[in-house]
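As C-alpha cells, the structure follows; a few thoughts come after it.
Protein chains in written order, with this note's numbering: chain A, 250 to 320; chain G, 20 to 532.
Okay, structure coming up:
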C-alpha cells in the first residue's frame with residue numbers, strides 16, 4: 250500500500266509541478282479525442298467489422314473481392 | 020477498381036505517414052543524445068551537463084508529446100481503407116504491432132515519467148537508467164513497425180491459408196530476423212540519429228549566432244557531432260547493404276531507382292543526372308538522361324559486390340531475359356492468374372464437397388502463389404514503379420547524407436579547435452540544414468515506398484487489390500481532415516519548440532517539463 254501511495258504521489262506531484270507540460274497535456278488530450286472519438290467513430294469504422302459478424306463471412310467476402318478483381 | 024480511389028487512398032496513407040515521420044526520427048535520435056549527455060553528467064558530476072541534459076530533454080518531451088499516437092491513424096486506415104490487405108496479412112502484421120503497442124505503453128510511459136518527474140525524487144543512477152530505457156524503448160517500438168514494413172517488402176516466415184484467405188505466420192523469427200527487416204530497422208533508426216544530431220547542432224548554432232548559451236551550444240555540438248558522424252558512417256554501410264538486398268529481392272525497384280532501362284555488365288552508378296521522358300515509350304515509363312555523371316562499374320559492385328556483374332534493367336525484368344534466367348512479367352502475370360483462379364476454384368470445390376477438385380486447385384495455388392499478386396495486373400507495364408520520383412528521391416537522400424557528414428566534421432573541428440566565434444556562415448548553414456535533414460528522411464521513405472509500387476506486399480498483393488470498396492469522395496474527405504489536423508499539430512509543435520528554444524534553459528535547469 251505504501252508503495253502504491255508512493256507511486257501515486259510521484260505522479261501527482263510530477264503533474265502538479267509541470268510548467269510547459271500542462272499545455273502539452275492539453276494538446277495530447279485534444280489530439281486523442283480527435284483521433285479516437287471523431288476520426289475513429291465517424292470516419293474510420295473497420296470496413297469488414299461493420300459489414301460482417303463472423304470471421305467466415307469476412308473470409309468469403311475477401312476471397313470474392315480478390316478473385317473477382319482479375320482484369 | 021477505380022484508379023482514383025486507389026490513388027486517393029495511397030495519397031491519404033502517404034500523407035499520414037509523412038506527418039507521422041516528422042515526429043518519430045527526432046524522438047529516436049534525441050532520446051539517445053539526451054542519454055549520452057546525462058551519462059556525462061553522472062560520470063563527471065558537472066552540473067552544467069545536467070542543465071544541458073534537461074534542456075534537450077524538454078525539447079524531446081515536446082516532440083514526443085505532439086507526435087505520440089499520430090501513427091495510430093495508420094492502423095485505422097488499414098482497417099478502413101485497406102481492408103482486403105488487412106485481412107490478407109492476418110496475424111503477421113498484427114503481432115508486431117501489438118508488441119509495439121505493449122512496449123510503447125509500458126516501457127516508455129513508465130520510464131518517461133521517471134525521466135521528467137524523477138530528477139529530485141530518485142537516485143542519479145536510477146534516473147540515468149530510466150533515460151536509457153526510454154531511448155531503448157522508443158527504438159524498440161520502431162523495430163516492430165519496421166519489421167511489419169519489411170515484411171511487406173520481403174514476405175517471409177508465412178504460409179497462405181486458402182480457407183481463410185489469410186497469410187499465417189509459421190516462423191516468427193524468420194519475420195523478425197529477415198535480412199530486409201534487420202537492414203530496414205538499422206537504416207531507418209540511424210536516419211533518426213543523424214536527423215537528431217543535425218537538429219541539435221542547428222539549434223546550438225542559433226545560440227552561438229545570438230551569443231547566448233555558449234557552453235551549452237559547444238558541448239551539445241560536441242555530443243551531436245560525434246554521434247552524428249559515427250551514425251553517418253553506419254548509415255552508409257546499411258544503405259550499401261540495402262542496395263544489395265533490393266537488387267536481390269526487389270530488382271524492379273533497384274532498376275527504377277537507377278533509371279537502368281537496359282541491363283548490362285559493368286554497370287555504372289549515376290551519381291547525378293537529369294531525366295526526360297521518352298515519349299515514344301510512355302507505356303514503358305521510359306526515361307532518358309538529359310545528362311548524367313557516372314561512376315564506372317559502381318552499380319554492378321553495389322548490387323552484387325562484383326564490378327563485372329550483370330545488373331538487370333527494366334526491359335529485362337519486364338520482357339524477360341532467358342539468357343540471364345529472368346522470366347518476363349507477362350509470364351508472371353499468367354502464373355498469378357493461375358493462382359488467383361485456383362483460389363476461386365478451390366473455394367467452389369470445397370463448397371460442392373469435391374475433394375479431388377479442391378486438391379487439384381490447391382496444388383496449382385501453392386505452385387504459383389509466389390506470383391499471386393501479378394494476377395491482378397492489367398499488363399506488364401503496371402509492374403514498373405514511378406521512375407522519376409524514385410530516381411530523384413534517392414539522389415536527394417544520398418546527396419544530403421554526404422552534406423550532413425560534412426556538417427558533422429566541420430562542427431567538430433570548429434568546436435575542438437575552439438573556433439566557433441563569429442562564424443556566421445557556419446551558424447546559418449547549420450540552422451538551415453535542419454529542414455534538409457527532415458527532407459532527407461522523407462526522401463528515404465519515398466524511395467522505399469514509391470519504389471516498390473505497384474506492390475503493397477511484394478509480388479503477392481498490388482495496392483489495387485488491397486483497397487476497400489469505398490467511395491472516392493469519403494477518402495477525399497478524410498484526406499482533407501488529416502491534412503488540416505496534422506498541419507495544426509505540426510504548427511503547434513514548431514511554435515512550442517521555438518518558444519522553448521528562445522527561452523533557453525533555465526538557470527540550474529528545468530525540473531519539470
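Positions of the beta carbon are idealized from the N, C-alpha and C atoms, including for glycine.
query: For residue 303/A, would you say it is in contact with chain G, using Cβ-to-Cβ distances shorter than 9 Å as the test?; result: no
query: What do you get for residue 315/A, buried or exposed, if any count of 16 or more other CB atoms within 10 angstroms of its CB means buried?; result: buried
query: Is there contact here, the segment 71 to 82 of chain G with the segment 498 to 506 of chain G, by at least three beta-carbon pairs under 8 Å?; result: no
query: Do you know offhand how far residue 113/G's Cα is from residue 351/G's?; result: 29 Å
query: If we count the other Cβ atoms within 10 Å of its Cβ and call it buried at 16 or more, is residue 364/G buried or exposed?; result: buried
query: Quick check on the DSSP output: what are the complete alpha helix (DSSP H) runs of length 4 or more inside the segment 251 to 332 of chain G, in order along the chain?; result: 270 to 276, 317 to 323
query: Would you give the residue range spanned by the alpha helix (DSSP H) that residue 313/A belongs to?; result: 304 to 316
query: Looking at residue 40/G: is its Cβ nearer than 9 Å to the Cβ of residue 474/G?; result: no
query: Which word fits residue 29/G, buried or exposed, when buried means at least 16 other C-beta atoms lie within 10 angstroms of its C-beta?; result: buried
query: Comparing the C-beta of residue 42/G with each C-beta of chain A, is any distance below 9 Å?; result: no
query: Enumerate, from N- to C-terminal direction, the unbroken beta strand (DSSP E) stretches of 3 or more residues contained entirely within the segment 425 to 499 of chain G.; result: 474 to 476
query: Using the rule of at least 16 other Cβ atoms within 10 Å of the residue's Cβ for burial, across every protein chain shown, is residue 261/A buried or exposed?; result: exposed
query: According to the Cβ coordinates, are residue 175/G and residue 115/G closer than 9 Å?; result: no
query: Within the continuous beta strand (DSSP E) that includes residue 180/G, where are the two ends?; result: 177 to 180
query: According to DSSP, is residue 30/G part of a helix, a strand, or is it coil?; result: helix
query: What residues of chain G sit near residue 247/A, judged by a beta carbon separation below 8 Å?; result: Look at the range of chain A in this structure, 250 to 320, and you will see that residue 247/A is not part of it.
query: By the DSSP assignment, the beta strand (DSSP E) with residue 188/G in it spans what residues?; result: 185 to 188
query: Does the beta carbon of residue 286/A sit closer than 9 Å to a beta carbon anywhere in chain G?; result: no
query: In this structure, does DSSP put residue 262/A in helix, strand or coil?; result: helix
query: Can you check whether the C-beta of residue 252/A is within less than 9 Å of a C-beta belonging to chain G?; result: no
query: Thinking just about the alpha-carbon of each residue, which of 407/G, 251/G, 249/G is nearest to the one in residue 309/G?; result: 407/G
query: Under the assumption that residue 179/G contacts residue 186/G (Cβ atoms under 8 Å), give the Cβ distance between them as a whole number of angstroms.; result: 5 Å
query: Does the Cβ of residue 220/G have 16 or more other Cβ atoms within 10 Å, making it buried, or fewer, making it exposed?; result: buried
query: Would the beta-carbon of residue 245/G fall within 9 Å of that of residue 456/G?; result: no
query: Hey, residue 66/G and residue 146/G: beta-carbon distance below 9 Å or not?; result: no
query: Taking the straight line between their C-alpha atoms, what separation do you get for residue 37/G and residue 461/G?; result: 7 Å
query: Whose Cβ in chain A lies nearer than 7 Å to the Cβ of residue 93/G?; result: Within chain A, no residue comes near residue 93/G; the closest Cβ sits about 11 Å away, beyond 7 Å.
query: Applying the criterion that 16 or more other CB atoms from any shown protein chain within 10 Å of the CB defines a buried residue, is residue 151/G buried or exposed?; result: buried
query: Could you tell me whether any non-hydrogen atom of the ligand ATP is closer than 8 Å to the CB of residue 262/G?; result: This structure does not include the ligand ATP; it has no bound ligands of any sort.
query: Residue 257/A CB to nearest chain C CB: under 9 Å?; result: Among the protein chains of the structure shown, namely A and G, there is no chain C.
query: Within the 9 Å Cβ cut-off, does residue 182/G reach chain A?; result: yes
query: Please confirm whether residue 111/G has its beta-carbon closer than 9 Å to some beta-carbon of chain A.; result: no
query: If you pair each beta-carbon of the segment 132 to 149 of chain G with each one of the segment 88 to 97 of chain G, do three or more pairs fall below 8 Å?; result: no
query: Which residues mark the beginning and the end of the alpha helix (DSSP H) in which residue 104/G is found?; result: 102 to 122
query: How is residue 71/G classed by DSSP in three states: helix, strand or coil?; result: helix
query: Just confirm the distance between the C-beta atoms of residue 331/G and residue 402/G, as a whole number of angstroms; I'd bet it's less than 8 Å.; result: With 8 Å as the limit, residue 331/G and residue 402/G do not qualify as a contact, their Cβ atoms being about 13 Å apart.
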